[in-house]
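Report on the following structure.
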Amino acid sequence: MYKRTLARELVLQALYRLDLTDGSPEECLGDVLASRGVEAQTRSYAERLFHGVVEKMRELDCIIEKHSAHWTIERMSVVDRNILRIGAYEILYVEDVPFKVAIDEAVELAKRFSTRDSGAFINGILDSLAKSPSAGKNRGLSQGRLAPLT
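Each residue of the sequence shown is one higher than the one before, starting from 35 at the first, in the working numbering.
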């Protein structure tokens, strides 16, 4: 599994825990990372991605709702909304992740961890976001630049 793919999976698990428990963001991420032996680069990207999503969560939720026809963030499944948050964050803020990669990775997460129809649902929302004028205009401005993994 690629380093960033694994990092996204770990972030999804941590965000899921954050949504369903009273744990702090640090506890949720720490528990997930402790349960898996991950390389330093994967851990670093997971930490940056997780903290970026948590920091921008309200903004991301508003943007996701804007691009999802008749769906509120609360109405979406816990897994789907967290996959969308990860994908939206990468589209909006992560400079070295092409939009297509962010969308494809989110769709793959949906195929692995959500329902049969979730991939198309997530693809539609993130594709709409990627085509919007706001896509990528803040890349590299949040959490510093996310360094590429080698």
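Here a beta-carbon is modelled for each residue, glycine too, at the ideal position from N, C-alpha and C.
Assuming contact is defined by CB atoms lying nearer than 7 Å, are isoleucine 117 and isoleucine 156 in contact in what I supplied?
yes
Taking the alpha carbon of glutamate 61 as the point to measure from, which residue in His85, Ile97 and Thr76 has its own alpha carbon closest?
His85
Would you mind sorting alanine 144 into buried or exposed? The rule is 16 or more other CB atoms within 10 Å of its CB.
buried
Taking Cβ positions, are alanine 169 and isoleucine 125 nearer each other than 7 Å?
yes
Look at valine 135 and glycine 153 and say whether their C-beta atoms are less than 7 Å apart.
no
Beta-carbon proximity list for leucine 52, same chain, < 7 Å, skipping 5 on both sides
Pro59 and Cys62
Whose CA, out of Lys171, Ser166, Ala164 and Ser148, lies closest to the CA of glutamine 47?
Ser148
What does the alpha-carbon distance come out to for the pair lysine 165 and isoleucine 137?
12 Å
Closest to aspartate 112 by CA distance: which of Leu54, Leu94, Glu129 and Ser69 is it?
The sequence given here has valine at residue 112, not aspartate. For valine 112, the nearest C-alpha among the options comes from Leu54.
Identity of the residue in Arg92, Arg115 and Lys90 nearest serine 102 by Cα
Arg115
When you compare only the Cα positions, how much space is there between proline 182 and glycine 71?
For proline 182, the predicted structure reports a pLDDT of 45, less than 50, and the residue's modelled location is therefore unreliable. The matter cannot be settled from this model.
Is it buried or exposed, alanine 80, if we count other Cβ atoms within 10 angstroms and call 16 or more buried?
buried
Quick one, which of Leu40, Arg119 and Ala122 has its alpha-carbon nearest glutamine 75's?
Leu40
Below 8 Å on the Cβ atoms is my contact criterion, and I expect leucine 67 with arginine 119 to pass it. Report the Cβ-Cβ distance as a whole number of Å.
With a Cβ gap of about 18 Å, leucine 67 and arginine 119 do not count as contacting.
Residue span of the alpha helix (DSSP H) that contains aspartate 56, given as start and end:
Segment: none, aspartate 56 is in no alpha helix (DSSP H) and carries neither H nor E.
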